[in-house]
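In what follows, a structure is listed as structure tokens, so that the remarks can point back to it.
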Amino acid sequence: MASDRIDDLIALGAKDSKLLSPRARERVFAGLESLGTRAEVVLSPRTVDRAVSKRGLNDLEAAAFARLVRELAPDIAYVDACDPNERRFGLRVARLAGGPTRVIARHHADRDFPVVGAASIVAKVHRDRALARLREELGEELGSGYPSDARTVRFVRSVLADGSPVPRWVRRSWSTMQRVKAVQPARTLDGFAP
128 MASDRIDDLI ALGAKDSKLL SPRARERVFA GLESLGTRAE VVLSPRTVDR AVSKRGLNDL
188 EAAAFARLVR ELAPDIAYVD ACDPNERRFG LRVARLAGGP TRVIARHHAD RDFPVVGAAS
248 IVAKVHRDRA LARLREELGE ELGSGYPSDA RTVRFVRSVL ADGSPVPRWV RRSWSTMQRV
308 KAVQPARTLD GFAP
């Protein structure tokens, strides 16, 4: 995004998506189209689970950021560092992108850089919409999908309660799944019908 458009992003209200209501996120999301090019990378739960099992979630995120950098080819790319070492993460993204783009990685970049805040809004709006579609498809209340949400935890417990396979749209590596799974009672042979 051209630097002269940053003021437009700020005026639109682009900032860390966690600071905005769902309605405000949708409003900003709608306005983003007129301000620049938007590109997205969607990672499936299975892909994330594989990366977590290999202790490679940061690598997966760096590769996703690099893919966006290659696609958009900006002079400078700002990314939210998921690695404790911001510089190392930025260098990893730049190396994987393989181009001349300068990558600046910072913790809380979604809070500090309006363009990263805008990206967080895009991600959150897509997430909110995906949850709404899933609610409609299942006809059940899923909650927000966050571990601090009691409705979400109840839903996860209900999914695991009957011993059915974990649905494809759930990350098995998600801490809430692991926590709830750990407290589920073991099924005995008496629990199975003949």
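Note that our numbering has the sequence shown beginning at 128, numbered continuously upward.
For each residue, glycine too, the CB sits at the ideal point set by N, CA and C.
Predicted model only: the values in this text are computed from it and were never measured.
Beta-bridge partners assigned by DSSP to R233: D207.
Taken through DSSP and simplified to helix, strand or coil, A200 comes out as coil. Taking every protein chain shown into account, the CB of P292 has fewer than 16 other CB atoms within 10 angstroms, so this residue is exposed. The C-alpha of A208 lies about 12 Å from the C-alpha of A221. When only Cα atoms are considered, A190 and R219 end up about 8 Å apart. Pairing D255 with Y205, the inter-Cα distance amounts to about 24 Å. In terms of Cα proximity to F216, the closest of D143, L258, V230, G226 is V230. Counting only the Cα atoms, D210 lies some 6 Å from N185.
In the three-state DSSP reduction, L258 falls in the helix class (H, G or I). With respect to the 8 Å criterion, L269 and L258 are classified as neighbours on the basis of their beta carbons. Within the region 128 to 202, the complete alpha helix (DSSP H) segments of 4 residues or longer fall at 133 to 139, 149 to 159, 172 to 180, 184 to 199, listed in chain order. The straight-line gap separating the alpha-carbon atoms of D135 and R182 is approximately 39 Å. Rounded to whole angstroms, E153 and S247 show a C-alpha spacing of 12 Å. Taking the Cα positions, N212 is about 31 Å away from L162. In its chain, beyond the 5 residues on either side, L184, L187 have a beta carbon closer than 6 Å to the beta carbon of A178.
With a cutoff of 8 Å on beta-carbon distance, A151 and G244 are scored as not near each other.
In this structure, the alpha-carbon of S302 lies about 37 Å from that of A138. If you draw a straight line from the Cα of A277 to the Cα of V297, it comes to about 17 Å. The beta carbons of R194 and V249 sit no closer together than 8 Å.
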